[in-house]
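Note sheet for the following structure.
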Amino acid sequence: MNALFTAFLGLLLAAVGCSSLPASAQPAKPDVKALYQQNCASCHGVDRLGGMGPALLPENLERVRRPEALKVIGYGRPATQMPGFADSLSEPEIKALADYVYTPPASVPEWNYPEIRASRLVHVAKPLPDKPLFKADPRNLFIVVELGDHHATLLDGDRFEPIDRFQTRFALHGGPKFSPDGRFVYFASRDGWISRYDIYNQKTTHEIRAGINTRNLAVSDDGKFILVGNYLPHTLVVLKAEDLSLMKVIPVKTQEGKTSRVSAVYQAAPRKSFIVALKDSPEVWEIPYALPAKKKGWVHDFGPNSGEMLVGEQTFKPRAIMVEDYLDDFFFDQSYRHLIGASRQGHQGQVIDLDTGRKVANIDLPGMPHLGSGITWEVDGRMVLATPNLKEWVVSIIDMKTWKTLKQIPTSGPGFFMRSHENSPYAWVDGMNGPNKDVMTVIDKRTLEVKASLKPEPGKTASHVEFTRDGRYALVSIWEHDGALIVYDAKTLEEVKRLPMKKPSGKYNVYNKTTRSAGTSH
Ligand code: DHE
76 MNALFTAFLG
86 LLLAAVGCSS
96 LPASAQPAKP
106 DVKALYQQNC
116 ASCHGVDRLG
126 GMGPALLPEN
136 LERVRRPEAL
146 KVIGYGRPAT
156 QMPGFADSLS
166 EPEIKALADY
176 VYTPPASVPE
186 WNYPEIRASR
196 LVHVAKPLPD
206 KPLFKADPRN
216 LFIVVELGDH
226 HATLLDGDRF
236 EPIDRFQTRF
246 ALHGGPKFSP
256 DGRFVYFASR
266 DGWISRYDIY
276 NQKTTHEIRA
286 GINTRNLAVS
296 DDGKFILVGN
306 YLPHTLVVLK
316 AEDLSLMKVI
326 PVKTQEGKTS
336 RVSAVYQAAP
346 RKSFIVALKD
356 SPEVWEIPYA
366 LPAKKKGWVH
376 DFGPNSGEML
386 VGEQTFKPRA
396 IMVEDYLDDF
406 FFDQSYRHLI
416 GASRQGHQGQ
426 VIDLDTGRKV
436 ANIDLPGMPH
446 LGSGITWEVD
456 GRMVLATPNL
466 KEWVVSIIDM
476 KTWKTLKQIP
486 TSGPGFFMRS
496 HENSPYAWVD
506 GMNGPNKDVM
516 TVIDKRTLEV
526 KASLKPEPGK
536 TASHVEFTRD
546 GRYALVSIWE
556 HDGALIVYDA
566 KTLEEVKRLP
576 MKKPSGKYNV
586 YNKTTRSAGT
596 SH
């Protein structure tokens, strides 16, 4: 395949060389729009907004490099229904198609009330039993996202046996979020699909496409609302959690009157609000969701089957907090009083008091800290924040009172995800952004020293840990197409079980998430 592809690229380069020929000798330029409609539209949509296959717009393809796109068009994508076209299309035609999907459409596609409403799918219309179909502890379940073939596994967290494995939308991103009682889980795909899965009944009940290119979702802690943040269009979308019916589309207009992409949305349970990170403006929004029910202008619910709610003008009104710099990647303290953001420029983080809307401290943060993966614990009577770093081979430990860096703990490489549990003395971090992708570094939370470097599967990427409800076991992903989920005894650091999985990425424990454990993301 590689030799073939090299030959194919050679041919492409030769084709580029043809441009020096006189116009009459040049091969006819492919009619790319017709080619797209004939070969791609049935799966990717006539307007490139996606269908059975993902959307093919530049924003949605940001993570696919051009040579990879050429390869996919030519030879298909394994474990998906994407076929290869190398036998039916010429090299210039394939190149023209690749160029076409990376070209923005003439106008920004509309994705507003009518389109969102029309996309909604009700898979299960009637209420289902409020009791699990299975015997496992419903608070010690895991949802494991398997990116390899776009599935998720519902895993019994005591026996480490799958209860269900179901198809998800293409390319999920961000952590799936649970309802407060742990019965439902909500997924967001990069293409904007939001899915609601009933864990007790093992069924996807509703889906809706809230955006064309979506970042993530947050669920209010009362379980009533979902907020979705989009890159395309520049909107926030409020859904009713019960049935994913559309409540409100909030255009993201900055204080300067421009529009902005949304980097991410978060649920700040103690504040009864959502926090919104803006990508293209130095501001952060707070959107309260729990106004008194009787307040004038509050939500009028037309009933469970109407799929409609009327939202008064006061609801979901954002409060903008201006910050000194564009902030990428956020962390919140456990009280959600403080937001810690990494400045896009330079080696600094900012601590913002969300009550006053003011910056209270700068943090010295070299490299590119991945604050989104930060966790907290207490050491010698003080709370510390630990964050991996996307560029440096360190974990930074920050005192959360003085906001000073206490220590930089050396690791096996730049890391992406970090995890611990209240009942475990250890914190785990990967090195997946560096050459030692197969090493997990285990840090002793009491001494702030490295306790062990584990190699779960030599040569294979190891990443993303999540603990069982009681903190006794730590589950690690072998992040490969034919990968695995490895269960470790979190005390002895011995492997106890291995389950084959298709590129397992994140895994999410119902109890740890719904109780907002300090050792995991929320
Ligand atoms: Fe993520 C969470 C941003 C690339 C896998 N990622 C998040 C969150 C944000 C974020 C803001 C928290 C939202 C949430 O959980 O609701 N991620 C970004 C980026 O800006 C970045 C660097 C570029 C991008 O294109 O989006 C990025 N992320 C990746 C990947 O390449 C990863 C490794 C593979 C993938 O799925 O695309 C990846 N991100 C994840 C995962 C989570 C996540 C598994 C959930 C973490 C958790 O445990 O909660």
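Residue numbering for the sequence shown follows my numbering, starting at 76 and increasing by one per position. Here a beta-carbon is modelled for each residue, glycine too, at the ideal position from N, C-alpha and C. The model shown is predicted, which means the values in this text are computed figures rather than measured ones.
With H, G and I counted as helix, E and B as strand and the rest as coil, what does DSSP make of residue i?
i, result
"D174", "helix"
"I274", "coil"
"W419", "It is worth fixing the name first, because residue 419 is Arg in this sequence and not Trp. Here R419 sits in coil by DSSP."
"A181", "coil"
"H281", "strand"
"P444", "strand"
"I472", "strand"
"E361", "strand"
"G424", "strand"
"A461", "strand"
"Y111", "helix"
"K146", "helix"
"L453", "Note on identity: in this sequence residue 453 is Glu, with Leu being the wrong assignment. Three-state DSSP puts E453 in a strand."
"R433", "strand"
"P379", "Residue placement at P379 cannot be trusted, given a pLDDT of 44 that sits under 50; what the coordinates show is reported in the next sentence. Coil."
"R394", "strand"
"S165", "coil"
"H597", "coil"
"R346", "helix"
"A46", "Residue 46 falls outside the range modelled here, since the chain spans only 76 to 597, and no answer is possible."
"R141", "helix"
"M127", "coil"
"M157", "coil"
"M493", "strand"
"Y411", "coil"
"W186", "coil"
"A103", "coil"
"W503", "strand"
"D439", "strand"
"V324", "strand"
"P485", "strand"
Can you tell me the Cα-Cα spacing of residue i and residue j, whole angstroms?
i, j, result
"K354", "V199", "36 Å"
"V260", "M576", "20 Å"
"A417", "G424", "4 Å"
"V454", "D408", "16 Å"
"R336", "N305", "6 Å"
"V340", "M458", "25 Å"
"F217", "L110", "44 Å"
"L208", "K278", "11 Å"
"S117", "G126", "8 Å"
"H496", "V435", "28 Å"
"G267", "R284", "5 Å"
"K588", "Q112", "44 Å"
"E467", "W186", "39 Å"
"R141", "T567", "45 Å"
"E134", "M322", "25 Å"
"L292", "A211", "27 Å"
"P251", "R271", "10 Å"
"D205", "L131", "40 Å"
"M475", "L460", "6 Å"
"T590", "S254", "11 Å"
"D403", "K578", "27 Å"
"V562", "N437", "39 Å"
"K482", "P363", "36 Å"
"P533", "N511", "10 Å"
My guess is that residue i and residue j are in contact by the Cβ rule of under 8 Å, so how many angstroms apart are they, rounded?
i, j, result
"T289", "A316", "That pair is no contact at about 17 Å."
"P531", "M507", "Going by Cβ atoms, the distance from P531 to M507 rounds to 12 Å, so no, they are not a contact pair."
"Y411", "P345", "5 Å"
"T310", "V327", "6 Å"
"G449", "M397", "Their Cβ separation, rounded to whole angstroms, is 23 Å, which puts G449 and M397 out of contact at 8 Å."
"L145", "K170", "7 Å"
"L446", "F491", "At roughly 12 Å, the Cβ-Cβ gap does not stay under 8 Å, so L446 and F491 are not in contact."
"H281", "V220", "Incorrect: roughly 19 Å between the Cβ atoms, too far for contact."
"R195", "S348", "Their Cβ separation, rounded to whole angstroms, is 26 Å, which puts R195 and S348 out of contact at 8 Å."
So does residue i have its beta carbon nearer than 7 Å to some heavy atom of the ligand FMN?
i, result
"F491", "The model depicted lacks the ligand FMN and carries the ligand DHE instead."
Which runs of the beta strand (DSSP E) spanning at least 3 residues fall entirely within the segment 188 to 273, listed in chain order?
216 to 221, 226 to 231, 236 to 242, 259 to 263 and 268 to 273
Suppose only complete runs of 3+ residues qualify. What are the beta strand (DSSP E) ranges in the segment 523 to 588, listed by chain order?
524 to 529, 537 to 542, 548 to 553, 558 to 564, 570 to 576 and 579 to 584
For the 8 Å Cβ check, are there 3 or more pairs between the segment 156 to 170 and the segment 223 to 236?
no
Any chance the segment 236 to 245 sits against the segment 583 to 590, with 3 or more Cβ pairs inside 8 Å?
no
Pair every Cβ in the segment 587 to 596 with every Cβ in the segment 552 to 562, then say whether three or more of these pairs are closer than 8 Å.
no
Every unbroken beta strand (DSSP E) within the segment 296 to 321, with a cutoff of 3 residues, ordered by chain:
300 to 307 and 310 to 315
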